[in-house]
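Engineer:
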Amino acid sequence: MKTNDFDRIQDLSEFKLPRNFRGRPAIYVQLWWLIQCTIFRLSPQFAYGFRRFLLRLFGASIGKNVLIRPTAKVTYPWKVSIGENTWIGDDAVIYSLGEVTIGSNTCISQLSYICAGDHDYTLRDFPIRSRTVMIGNEVWIAAGVFIAPGVSIGNGTVIGAVSSVFSDMPEKSLCYGSPCKVIRARISNASQQ
């Protein structure tokens, strides 16, 4: 179906990547992607220290005892900060077009997708935008969760499996659904002992 220029609300031929959007030169970005799809991904499962080293080498801020599985993907490590004792599961994606901050003692389970960028669909040239994602301390992002650009998740919150998080979630809450909603407060058995 052919459309007139007057009818177009989106024309991808007009798209331009903003200057310095990636935060590093193109060759640096390509080198990271090559490293990630080879020695990072092919590293033994127990080589957590090696993967932390590679991410730090490319500018990520990674705390002590962080466990990142070899099949996890990080788009731009230099835009990622992860606290101590945090786990990043198999096939989790940190799509770090914008800054992504993940706190300490947090678990990002397998197949979860943290998306820190989007496009402005109201403009014809469909410009790309970086949007910060912040995930607090002691958070559990269960399997298959999508976290949208610009979202913050409070300390101590649990996001249930296969949820889609499009807005901020408060601290110490149990949340799930698509769209994700607060179900109740997160109760700690440790406080009952």
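Numbering (our numbering), first residue to last: 8 to 200.
Glycine included, every Cβ here is placed at the ideal spot set by N, Cα and C.
As the structure is a prediction and not an experimental result, all values here were calculated from the model.
1) For the region 35–123, which segments carrying the beta strand (DSSP E) assignment without a break, of at least 3 residues, lie completely within its bounds, in sequence order?
2) So residue 19 is in the beta strand (DSSP E); what residue range does that whole segment cover?
3) Between 70, 47, 173 and 139, which lies nearest to residue 103 when the distance is taken from Cα to Cα?
4) Residue 188 lies in the beta strand (DSSP E); which residues open and close that run?
5) When you compare each of 124, 60 and 184 to residue 101 by their alpha carbons, which one comes out closest?
6) Going by other Cβ atoms of all chains shown within 10 Å of its Cβ, with 16 needed for buried, is residue 84 buried or exposed?
7) Given that a residue counts as buried once 16 or more other Cβ atoms are within 10 Å of its Cβ, and exposed if not, what is residue 21?
8) Could you tell me which residues DSSP puts in a beta bridge with residue 181?
9) Please work out which residues of its chain come closer than 6 Å, Cβ to Cβ, to residue 146, disregarding the five sequence neighbours upstream and downstream, and give them in chain order.
10) So, do the region 64–75 and the region 171–191 have three or more beta carbon pairs nearer to each other than 8 Å?
11) Smallest Cα separation from residue 184: which of 171, 25, 128 and 121?
12) Taking the alpha-carbon of residue 62 as reference, which of 15, 129 and 47 has the nearest alpha-carbon?
13) Check the DSSP bridge columns for residue 125 and list the partner residues they point to.
14) Which partner residues of residue 172 appear in the DSSP bridge assignment?
15) Could you say which of 162, 153 and 157 lies nearest to residue 186 if we only look at CA atoms?
16) Please confirm whether residue 155 and residue 116 have their CB atoms less than 8 Å apart.
17) Can you round the beta-carbon distance between residue 56 and residue 79 to whole angstroms, since I take them to be within the 8 Å contact cut?
18) Assuming residue 75 contacts residue 58 under a Cβ cut-off of 8 Å, what Cβ separation, rounded to an integer in Å, is found between them?
19) Within the same chain, show all residues whose beta-carbon is closer than 6 Å to that of residue 119, passing over the 5 residues directly before and after it, in chain order.
20) Work out the CA separation of residue 192 and residue 35 for me, nearest whole Å.
Structural biologist: Based on what the coordinates show:
1) Correct list: 87–89, 100–102, 107–109 and 120–122.
2) Numbered from 1 along the sequence shown, position 12 holds the residue referred to as residue 19. That residue, residue 19, is in no beta strand (DSSP E); it is neither H nor E in DSSP.
3) On the sequence shown, residue 103 is found 96 positions in, with the first residue counted as 1. The shortest C-alpha to C-alpha distance from residue 103 to any of 70, 47, 173 and 139 is the one to 139.
4) The residue you call residue 188 lines up with position 181 of the sequence shown. That run of the beta strand (DSSP E) goes 187–192.
5) Position 94 of the sequence shown, counting from 1, holds the residue named residue 101. Nearest to residue 101 by alpha-carbon distance, out of 124, 60 and 184, is 124.
6) Stepping through the sequence shown from its first residue, residue 84 is reached at position 77. With 16 or more Cβ atoms within 10 Å of its Cβ, residue 84 is classed as buried.
7) The residue labelled residue 21 in the question sits at position 14 within the sequence shown. Answer is exposed; the Cβ neighbour count stays below 16.
8) Start at 1 with the first residue of the sequence shown, and residue 181 comes out as number 174. Paired residue(s): 165 and 191.
9) If you number the sequence shown from 1, residue 146 lands on position 139. If we look at residue 146 and ignore the five residues flanking it on each side, its Cβ neighbours are 113, 160 and 164.
10) No, because fewer than three Cβ pairs between the region 64–75 and the region 171–191 fall closer than 8 Å, the two stretches do not touch.
11) Here residue 184 is taken as the residue at index 177 of the sequence shown, counted from 1. Checked all of 171, 25, 128 and 121; the closest Cα to residue 184 is 171.
12) Along the sequence shown, one-based indexing puts residue 62 at 55. Scanning 15, 129 and 47 for the CA closest to the CA of residue 62 turns up 47.
13) Here the question's residue 125 lines up with position 118 in the sequence shown. BP columns for residue 125 point to 136.
14) In the sequence shown, counting from the first residue as 1, residue 172 sits at position 165. DSSP, once it has assigned bridges, lists 154 as partnering residue 172.
15) Looking up residue 186 in the sequence shown gives position 179. A check of alpha carbon separations from residue 186 across 162, 153 and 157 identifies 153 as the nearest.
16) Residue numbering aside, residue 155 sits at position 148 when the sequence shown is read from its first letter. Residue numbering aside, residue 116 sits at position 109 when the sequence shown is read from its first letter. Against a cut-off of 8 Å, the Cβ pair of residue 116 and residue 155 comes out as no contact.
17) For the purposes of this step, residue 56 is taken as residue 49 along the sequence shown, with counting starting at 1. For the purposes of this step, residue 79 is taken as residue 72 along the sequence shown, with counting starting at 1. The beta-carbon separation of residue 56 and residue 79, rounded to 15 Å, does not stay under the 8 Å limit for a contact.
18) Along the sequence shown, one-based indexing puts residue 75 at 68. Along the sequence shown, one-based indexing puts residue 58 at 51. About 5 Å separates the two Cβ atoms, so the contact holds.
19) The sequence position of residue 119 within the sequence shown is 112, counting from 1. Closer than 6 Å at Cβ, skipping near neighbours: 99, 148 and 152.
20) Looking up residue 35 in the sequence shown gives position 28. Looking up residue 192 in the sequence shown gives position 185. Going by the C-alpha atoms only, they are around 44 Å apart.
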